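K.L.:
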Amino acid sequence: MEPEHPQAERFCRKLTGDIDEGNDLYQEAILAALNKINTLRDHGSFRSWLYRIIINRYKNRFRSVWWRRHTELTDEIRTTTKGDDPTNRLNARRWIEIGFTALKPEERVMITLYEMESWSISELAELFGKPEGTVKAKLSRGRIKMRKTIEKHLKLTEQSKPKREAGYAFSQTKAQAE
Amino acid sequence: MRFRKPRHKQNNSKESRQKKAEQILNSSFESVKEDEKISTTPLNILQKRIESQTVDNESKEYSLMAKVTNRFIRKPGLSIGLASCLCLIALFAFLPVSCSETTGYSVDIVEKDDGTVTVASTDSDQPQLIIEVQDMENGTVKKAIVDAGKLKEGLAAVGLGDVEIIHDFDGESHTFSISNLDSEEAAHKVALTVSHLTGMDDNIEINPVIEKVRASLLTHATDRLFNVDINAEGKTDEEIQAEIVTQLEEAGMTNPVVSFENNDGKMQIQISADSEGIEGDSTMQMFEFKFFDSSLEEGKAYFKEEGSDEFKEVDVNNLDWTDGDKKKKVIIKKKTE
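Sequences listed follow chains A and W, in order.
Just so we're aligned, residue 133 is where the first sequence starts under this note's numbering, counting upward by one.
Just so we're aligned, residue 4 is where the second sequence starts under this note's numbering, counting upward by one.
See the structure below:
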């Protein structure tokens, strides 16, 4: 358990986009894993077994708190971030959360493991029990969906910005002159 | 006035947005990937938390009721689904809906427009039915006078004591109605009695009394079922056959004919009945049930359409039996002890 603990906990936090929620998910998964430890036959595959439990728990949570899917951002991100700079950690989380709104739980897991946890395609294929080609295709589709959602968000932000700022300034100076 | 951007500029902004989104995505992934600053929970703390949570859960799930409640709290979707199902069941079972239904039959003695049959009455309180039938070709007139009291006595003698005799005169013609008849069979009996007393049958009509009934969907559904429960244990084929006929008659089916065959351990029941449809459209419909002696579960039902010699296989649990203007289902169950 010890070698997997830090990575698995971080994965939960990244997946949920919230430290507290990630910790909860991790704790819940560990509890479930301890109850099911007798079902683990091959101790060499502990990692993928643990991650599968985490993923299943995450899917269950995703289903059970279905209304949360409609809340775009977690409170932590919503209240502390503004601006587009993705190098800022919370901004980066914000953009990922925006992109995640278009993804299904399984796609979120795949993207998190591949893009943020540096898992290889073959590791993912083993974890999900799917051919590597399928995993690649799913990852690519997931990325496209995320990118399109971010694009939409950018467009909305552009539209909501005040237009013709120069014209507005001109009319103000003209009024002042008069 | 609004100006649109030229197309090449629109494309440019779209492309630049695409590029920007791609960049944001890549940088965000990189930024989160490198984010290892927040320390992980030490294992011993995690262990303590899990232990306390286990104790909490055990105490919470101590009783069965608490277990169930916890399940529902954890899965609100399940509770919502279950609540919706319960609401639907409650609606199905209790919410009254209007539905046209044959609530009984009436026998009407009516005048004919061509004047061949005239119906009259002397007194509306103590109606005396006077029927005149003119034979136009021979120029003869048959006249019958029936006292309502006597008619009631006659009907009571054949077991129909609760009938109502209503006389109505709308200024042009008289109508006599004998109503409050439960079944079509009772209506036939009344018609026969009236015909016997008056010696005429041209002017006697049997009409179903169709009323809007407010009842739950469940009641409507169960009203339309013929249920035949047969206990075949220790009974001969003839006895089973007689029991089916009795039960179908009790359920309101008109003149059911049941033929029963037992071939090599397989029973075949054929049920047919007069289905006197609307406006005298009399058709014979056949249902044939084939099933093994021990169980009806393997049973198949066959339906023969009017004017066809071919039996078509139908679902044994979903048979529509046309009885007058009603559609009814026939369900035959066999009890095994």
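All C-beta atoms in this analysis are idealised placements derived from N, C-alpha and C, irrespective of residue type, glycine included.
Small disclaimer: the values here were computed from a predicted structure and weren't measured.
Please work out which residues of its chain come closer than 7 angstroms, Cβ to Cβ, to Thr196 of chain W, disregarding the five sequence neighbours upstream and downstream, and give them in chain order.
P.N.:
Taking the second sequence and counting its residues from 1, the one referred to as residue 196 of chain W is at position 193. Closer than 7 angstroms at the Cβ level, and outside the excluded window around Thr196 of chain W, lie Gly157, Leu158, Val161.
K.L.:
Do Pro99 of chain W and Ser198 of chain W come within 7 angstroms of each other at the CB atom, strictly closer than that value?
P.N.:
For this step, residue 198 of chain W is matched to residue 195 along the second sequence. For this step, residue 99 of chain W is matched to residue 96 along the second sequence. Not closer than 7 angstroms, so no.
K.L.:
Straight-line CA distance for Asn192 of chain A to Thr233 of chain A?
P.N.:
Position 60 of the first sequence, counted from the first residue, corresponds to residue 192 of chain A. Position 101 of the first sequence, counted from the first residue, corresponds to residue 233 of chain A. About 17 angstroms.
K.L.:
What distance in whole Å lies between the Cβ atoms of Ile168 of chain W and Ala147 of chain W, which are believed to be in contact at a cut-off of 8 angstroms?
P.N.:
The residue you call residue 147 of chain W lines up with position 144 of the second sequence. The residue you call residue 168 of chain W lines up with position 165 of the second sequence. Actually they do not touch by this definition, with Cβ atoms about 15 angstroms apart.
K.L.:
Taking Cβ to Cβ, would you say Met278 of chain A is nearer than 7 angstroms to Lys146 of chain A?
P.N.:
Residue 278 of chain A sits at position 146 when you count from the first residue of the first sequence. Residue 146 of chain A sits at position 14 when you count from the first residue of the first sequence. Not closer than 7 angstroms, so no.
K.L.:
Would you give the residue range spanned by the alpha helix (DSSP H) that Ile148 of chain W belongs to?
P.N.:
The residue given as residue 148 of chain W occupies position 145 in the second sequence. Ile148 of chain W -> not in any alpha helix (DSSP H); beta strand (DSSP E) instead, spanning 143 to 150.
K.L.:
Going by the beta-carbon positions, is the gap between Ser103 of chain W and Lys215 of chain W smaller than 7 angstroms?
P.N.:
Locating residue 103 of chain W in the second sequence gives position 100, counting from the first residue. Locating residue 215 of chain W in the second sequence gives position 212, counting from the first residue. Against a cut-off of 7 angstroms, the Cβ pair of Lys215 of chain W and Ser103 of chain W comes out as a contact.
K.L.:
If we ignore side chains and look at the alpha-carbon of each, how far apart do Gly152 of chain W and Val166 of chain W end up?
P.N.:
Locating residue 152 of chain W in the second sequence gives position 149, where the first residue counts as 1. Locating residue 166 of chain W in the second sequence gives position 163, where the first residue counts as 1. Roughly 11 angstroms separates the two Cα atoms.
K.L.:
Is there at least one Cβ from chain W nearer than 7 angstroms to Asp207 of chain A's Cβ?
P.N.:
Reading the first sequence from its first residue, position 75 is the one you call residue 207 of chain A. A caution first: Asp207 of chain A carries a pLDDT of 49, below 50, which makes its placement in the model unreliable, though a value can still be read off. Judged by the 7 angstroms Cβ criterion, Asp207 of chain A is not in contact with chain W.
K.L.:
Return the residues of the region 280 to 292 of chain A that lie within a Cβ-Cβ distance of less than 7 angstroms from chain W, sorted by chain order.
P.N.:
Taking 7 angstroms as the upper bound on Cβ-Cβ separation, chain W lies near residues Ile282, Glu283, Leu286, Lys287 of the region 280 to 292 of chain A.
K.L.:
Between which two residues does the alpha helix (DSSP H) holding Leu94 of chain W run?
P.N.:
Counted from its first residue, the second sequence places residue 94 of chain W at position 91. Per DSSP, Leu94 of chain W belongs to the alpha helix (DSSP H) from 79 to 97.
K.L.:
Once the 5 residues before and after Phe194 of chain A are set aside, which same chain residues still bring their CB inside 6 angstroms of it?
P.N.:
Translated into positions along the first sequence, residue 194 of chain A becomes position 62. If we look at Phe194 of chain A and ignore the five residues flanking it on each side, its Cβ neighbours are Pro237.
K.L.:
Smallest Cα separation from Ala93 of chain W: which of W:Glu242, W:Gln244, W:Ile247, W:Thr222?
P.N.:
In the second sequence, the residue the question calls residue 93 of chain W occupies position 90. That would be W:Thr222, whose Cα lies nearest to the Cα of Ala93 of chain W.
K.L.:
Closer than 8 angstroms is the cut-off here; do at least three beta carbon pairs connect the region 243 to 263 of chain A with the region 166 to 186 of chain A?
P.N.:
yes
K.L.:
Starting from the Cα of Thr43 of chain W, find the closest Cα among A:Arg240, A:Asp174, A:Glu136, A:Ala165 and give me that residue.
P.N.:
Numbered from its first residue, the second sequence carries residue 43 of chain W at position 40. Residue A:Glu136 is the option with its Cα nearest to Thr43 of chain W.
K.L.:
Which word fits Ser55 of chain W, buried or exposed, when buried means at least 16 other C-beta atoms lie within 10 angstroms of its C-beta?
P.N.:
Counting from 1 along the second sequence, the entry for residue 55 of chain W is found at position 52. Ser55 of chain W comes out exposed.
K.L.:
I need the straight-line Cα distance from Arg240 of chain A to Arg217 of chain W, nearest angstrom please.
P.N.:
Here the question's residue 240 of chain A lines up with position 108 in the first sequence. Here the question's residue 217 of chain W lines up with position 214 in the second sequence. The alpha-carbon atoms of Arg240 of chain A and Arg217 of chain W are separated by roughly 53 angstroms.
K.L.:
Using a C-beta cutoff of 7 angstroms, does Glu25 of chain W count as contacting chain A?
P.N.:
Sequence index remark: in the second sequence, residue 25 of chain W carries index 22 (1-based). Interface residue, yes.
K.L.:
Mind checking which residues open and close the beta strand (DSSP E) that includes Ile169 of chain W?
P.N.:
What you label residue 169 of chain W is simply residue 166 of the second sequence in a count that begins at 1. Segment 167 to 172, the beta strand (DSSP E) holding Ile169 of chain W.
K.L.:
Would you give the residue range spanned by the alpha helix (DSSP H) that Ala161 of chain A belongs to?
P.N.:
Residue 161 of chain A sits at position 29 when you count from the first residue of the first sequence. Its alpha helix (DSSP H) spans residues 151 to 167.
K.L.:
Rounding to the nearest angstrom, what Cα-Cα distance links Pro138 of chain A and Pro45 of chain W in this structure?
P.N.:
By 1-based counting over the first sequence, the position of residue 138 of chain A is 6. By 1-based counting over the second sequence, the position of residue 45 of chain W is 42. Rounded to the nearest angstrom, the two C-alpha atoms are 9 angstroms apart.
K.L.:
Is Pro211 of chain W helix, strand or coil by DSSP?
P.N.:
By one-based count along the second sequence, residue 211 of chain W stands at place 208. Pro211 of chain W falls in the strand class under three-state DSSP.
K.L.:
Between which residues of its own chain and Lys192 of chain W is the CB-CB distance below 6 angstroms, once the five residues before and five after are set aside?
P.N.:
The residue you call residue 192 of chain W lines up with position 189 of the second sequence. Only Val161 meet the Cβ criterion.
K.L.:
Residues in the region 159 to 186 of chain A with C-beta within 8 angstroms of chain W's C-beta atoms, listed in sequence order?
P.N.:
Within the region 159 to 186 of chain A, the qualifying residues are Gln159, Ile162, Leu163, Leu166.
K.L.:
Are the beta-carbon atoms belonging to Val149 of chain W and Thr201 of chain W less than 7 angstroms from one another?
P.N.:
Sequence index remark: in the second sequence, residue 149 of chain W carries index 146 (1-based). Sequence index remark: in the second sequence, residue 201 of chain W carries index 198 (1-based). Yes; because the gap between Cβ atoms is below 7 angstroms, this pair is in contact.
K.L.:
Does the beta carbon of Arg221 of chain A come closer than 7 angstroms to any beta carbon on chain W?
P.N.:
Here residue 221 of chain A corresponds to residue number 89 of the first sequence, with the count starting at 1. Arg221 of chain A counts as touching chain W.
K.L.:
Are the C-beta of Pro138 of chain A and some C-beta of chain W separated by less than 7 angstroms?
P.N.:
For the purposes of this step, residue 138 of chain A is taken as the residue at position 6 of the first sequence. So, interface residue.
K.L.:
Report the CB separation of Asn183 of chain W from Gly80 of chain W in whole angstroms; it is logged as a contact under 8 angstroms.
P.N.:
Position 180 of the second sequence, counted from the start, is the residue given in the question as residue 183 of chain W. Position 77 of the second sequence, counted from the start, is the residue given in the question as residue 80 of chain W. Incorrect: roughly 54 angstroms between the Cβ atoms, too far for contact.
K.L.:
What does Ser2 of chain W reach in chain A if we use C-beta pairs closer than 8 angstroms?
P.N.:
Since the first residue of chain W shown is 4 and the last is 340, residue 2 of chain W is not available in this structure.
K.L.:
Residues of the region 42 to 53 of chain W with a CB closer than 8 angstroms to any CB of chain A: list them in chain order, please.
P.N.:
Thr43, Thr44, Leu46, Leu49, Arg52, Ile53
K.L.:
DSSP three-state label for Thr43 of chain W, please.
P.N.:
Position 40 of the second sequence, counted from the start, is the residue given in the question as residue 43 of chain W. Three-state result, Thr43 of chain W: coil.
K.L.:
Look up Thr289 of chain A in the DSSP assignment and give the residues it is bridged to.
P.N.:
In the first sequence, the residue the question calls residue 289 of chain A occupies position 157. DSSP lists no partner for Thr289 of chain A.
K.L.:
Output needed for Ile185 of chain A: all residues of its chain with C-beta closer than 8 angstroms, excluding positions within five of it in sequence on either side, in chain order.
P.N.:
Stepping through the first sequence from its first residue, residue 185 of chain A is reached at position 53. Here the set comprises Ala161, Ala164, Ala165, Lys168.
K.L.:
Going by DSSP, what residue range makes up the alpha helix (DSSP H) through Asn223 of chain A?
P.N.:
For the purposes of this step, residue 223 of chain A is taken as residue 91 along the first sequence, with counting starting at 1. Where Asn223 of chain A is concerned, the enclosing alpha helix (DSSP H) stretches over 221 to 232.
K.L.:
Mind checking if Phe75 of chain W is an interface residue toward chain A, Cβ cutoff 7 angstroms exclusive?
P.N.:
One-based indexing of the second sequence puts residue 75 of chain W at position 72. Any Cβ of chain A closer than 7 angstroms to the Cβ of Phe75 of chain W would place that residue at the interface, and such an atom is absent.
K.L.:
Report buried or exposed for Glu18 of chain W, applying the criterion of at least 16 other Cβ atoms within 10 angstroms of its Cβ.
P.N.:
Walking along the second sequence from the start, residue 18 of chain W turns up at place 15. So Glu18 of chain W counts as exposed.
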